[in-house]
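*Asks:* Counting from 1316, one number per residue, gives the positions in the sequence shown under my numbering.
Handing you this structure, nothing more for now.
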Amino acid sequence: MARISPKIDQVPLRPSPSNVGKVLNDFRTLPFNRTKPRTHFFPQYLACLSTSSSNDKLSFDVGLQEHSQGEACWWTVHPASKQRSEGEKVRVGDDLILVSVATERYLHTTKENDLSVVNASFHVTHWSVQPYGTGISRMKYVGYVFGGDVLRFFHGGDECLTIPSTWGEEPGQNIVVYEGGSVMSQARSLWRLELARTKWAGGFINWSHPMRIRHLTTGRYLGVNENNELILMTRDQATTTQTAFVLRSEKDDQKVILEDKDLEIIGAPIIKYGDSTVIMQHYETALWVSYKSYETKKKGVGKVEEKQAMLHEEGKMDDGLDFSRSQEEESRTARVIRKCSHLFTKFIGGLETLQENRRHSIFLQTVNLGEMEEGVLNLILEAIDKINVISSQGFLASFLASDESGQSWEMISGYLAITPIVPSLPTRTG
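Okay, structure coming up:
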């Protein structure tokens, strides 16, 4: 497996609405000028869409789709260097130009409103091939921990690292805890390990190699704030300094600093699921991930002991963690939860903004409520469109397997679909 990144800054693309196309397969045996669908890691296909949301109206959007039917996901690979010729094999480190078969436009990256976007354009971008991982390693060393794996951190065998069910962005609510019981099989206890390096990011997780830990259902990174508190940070807030952690086999006050040549490798099969106990350390501060215990009252239960994850200079004797690999369906469900949560949060936030503006604006207080109906309907229609996108991507298959989940989803989407055609209520001023 390999990944491509823009030659201009060597930053790997991430699978988000603004930039997609993280991992391409089979570059080792792919000749130049060969047309081939580009396969994403999930797996999906990098596709040239029929829409155009860019400032460049001659360009087309680029996204992901689950099938390779038609010409939308077919790209021709050309050498960017005159030193390479058509028909030669593509190798790691080569500079490429990717051309869409459907639109005859180049795969291009640019900046729009301070955001990096990827589209199919008449402008050329040179892409560099970097190694991500090898399928042979994953097949040969089943049971070992790799970069990109989705897993749980088990502590003491009866609890795991997670966020509380009442988690929020506000101070005091943005915390990480150790919790047992049903959460050990729930999506909010899932994390993804992302090696901080560019090359071989899908290689083996090894001791002292900096990595970032992403919480799946929130999409946020485990990080450390200015008060050395463990919190979850958005991708925009999460600098490598704040979010880089390392795994250690034992507590040693001496900080291990590896040279680039020791980091940019695929690594060795060392850390194994269910067999290796690891201790987590924040890379920048060298503080250990530990916990503090406190008593709290829960309705219907009484006093219970809770453990909040924290950083400490020495930590405790039982700070060791074990890895438990998640099932593929679990990680897919977690992504659905994250997408739905973002969708409904944005929708509710828009409604609250309309309500707040009306309460505090003298002008809006004199506006007929009927004139605000269009804004509300636009929010509902946008929510319906995004629900359809999520449904069509197939992420809901496992999530809606149970009758209860399926009925709840149908009820929510049904209410949204019915709302735009409900007769307007009598309007009033003030």
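C-beta: ideal position from N, C-alpha, C; glycine also.
Which one of Q1384, T1611, E1565 and E1401 has the shortest CA to CA distance from T1391?
*Replies:* E1401
*Asks:* Can you tell me the Cα-Cα spacing of F1461 and W1515, whole angstroms?
*Replies:* 10 Å
*Asks:* I'd like to know if the stretch 1545-1561 and the stretch 1590-1600 are in contact, where contact means that at least 3 CB-CB pairs between them fall below 8 Å.
*Replies:* yes
*Asks:* Across the stretch 1521-1540 and the stretch 1643-1658, are there enough close Cβ pairs to call them in contact, namely three or more that are closer than 8 Å?
*Replies:* yes
*Asks:* Please classify G1729: is it buried, with 16 or more other beta-carbons within 10 angstroms of its beta-carbon, or exposed?
*Replies:* Counting C-beta atoms within 10 angstroms of its own C-beta, G1729 has fewer than 16 neighbours from the protein chains shown and is therefore classed as exposed.
*Asks:* Please identify the residue among S1605, E1574 and V1704 whose C-alpha is closest to the C-alpha of N1288.
*Replies:* Residue 1288 lies beyond the residue range present for the chain, which begins at 1316 and ends at 1745; the question has no answer from this structure.
*Asks:* Could you check what DSSP says for T1660 in three-state terms: helix, strand or coil?
*Replies:* helix
*Asks:* By the 10 Å Cβ neighbour count, where 16 or more other Cβ atoms means buried, how is H1438 classified, buried or exposed?
*Replies:* exposed
*Asks:* Please look up how many angstroms separate the CB atoms of A1583 and F1519, rounded, as I've assumed it's under 8 Å.
*Replies:* 6 Å
*Asks:* Report the residue from V1414, Y1609 and K1614 whose alpha carbon sits nearest the alpha carbon of A1624.
*Replies:* Closest by alpha carbon: Y1609.
*Asks:* What are the partner residues of T1477, as DSSP defines its beta bridges?
*Replies:* V1492
*Asks:* Secondary structure at I1520, three-state DSSP: helix, strand or coil?
*Replies:* I1520 falls in the coil class under three-state DSSP.
*Asks:* Kindly list the residues whose CB is nearer than 7 Å to the CB of D1473, restricted to its own chain and excluding five residues on each side of it in sequence; keep chain order.
*Replies:* G1495
*Asks:* Leaving out five residues before and five after E1725 in sequence, what residues of the same chain have Cβ atoms less than 8 Å from its Cβ?
*Replies:* none
*Asks:* Apply the 10 Å Cβ neighbour rule to L1626 and answer buried if 16 or more other Cβ atoms are within range, or exposed otherwise.
*Replies:* buried
*Asks:* Taking 8 Å as the cut-off, does the stretch 1502-1513 touch the stretch 1465-1480 (at least 3 CB pairs, one atom from each stretch)?
*Replies:* Yes, since at least three Cβ pairs between the stretch 1465-1480 and the stretch 1502-1513 fall closer than 8 Å, the two stretches touch.
*Asks:* Judging by CA-CA distance, which residue of G1385, H1382, S1383 and T1366 is the nearest neighbour of D1376?
*Replies:* T1366
*Asks:* How many Å lie between V1338 and W1522 at the Cα?
*Replies:* No answer about V1338 holds up, because its pLDDT of 32 lies below 50 and its placement is not dependable.
*Asks:* Would DSSP call R1535 helix, strand or coil?
*Replies:* Here R1535 sits in coil by DSSP.
*Asks:* What separation, rounded to the nearest whole angstrom, lies between the Cα atoms of S1500 and P1394?
*Replies:* 47 Å
*Asks:* Using alpha carbons as the reference points, say which of G1458, Q1359, V1465 and L1364 lies closest to E1748.
*Replies:* It is not possible to answer for residue 1748, since the shown part of the chain is limited to 1316 through 1745.
*Asks:* Considering only DSSP beta bridges, list what P1394 is partnered with.
*Replies:* Beta-bridge pairing links P1394 to L1411.
*Asks:* Decide yes or no for the touch test of the stretch 1577-1595 against the stretch 1422-1440: beta carbon pairs closer than 8 Å, at least 3 of them.
*Replies:* no
*Asks:* Whole angstroms is fine: what's the gap from M1454's alpha carbon to L1562's?
*Replies:* 24 Å
*Asks:* Should P1446 go down as buried or exposed, given a rule of 16 or more other Cβ atoms within 10 Å for buried?
*Replies:* Looking at its Cβ environment, which holds 16 or more other Cβ atoms inside 10 Å, P1446 is buried.
*Asks:* With burial defined as no fewer than 16 other Cβ atoms inside 10 Å of the residue's Cβ, what is the status of N1428: buried or exposed?
*Replies:* exposed
*Asks:* Whole angstroms are fine: how far does the CA of I1663 sit from the CA of F1469?
*Replies:* 35 Å
*Asks:* Near Y1456, which residues of its chain fall below 7 Å by C-beta distance, leaving aside the five closest residues on each side in sequence?
*Replies:* P1584
*Asks:* By the DSSP assignment, the alpha helix (DSSP H) with I1451 in it spans what residues?
*Replies:* G1450 to K1455
*Asks:* On the DSSP bridge list, what partners appear for Q1670?
*Replies:* Paired residues: none, contrary to the question.
*Asks:* Count the other CB atoms within 10 Å of the CB of Q1359; is the residue buried (16 or more) or exposed (fewer)?
*Replies:* buried
*Asks:* If you count every other CB in all the chains shown that lies within 10 Å of the CB of D1271, and 16 or more means buried, which is it?
*Replies:* The structure shown does not extend to residue 1271, since the chain is modelled only from 1316 to 1745, so the question has no answer here.
*Asks:* I need the DSSP call for I1581, collapsed to helix, strand or coil.
*Replies:* coil
*Asks:* Could I get the ranges of all uninterrupted beta strand (DSSP E) runs contained in the stretch 1627-1652, with 3 residues as the minimum, in chain order?
*Replies:* 1636-1640
*Asks:* Tell me which residues share the same chain as S1396 and place their Cβ nearer than 6 Å to its Cβ, disregarding the 5 neighbours each side in the sequence.
*Replies:* Result list for S1396: D1410, in chain order.
*Asks:* Please return the same chain residues whose Cβ sits closer than 6 Å to the Cβ of Y1536, not counting the five positions on each side in sequence.
*Replies:* R1527, R1529, M1548, A1553 and T1558
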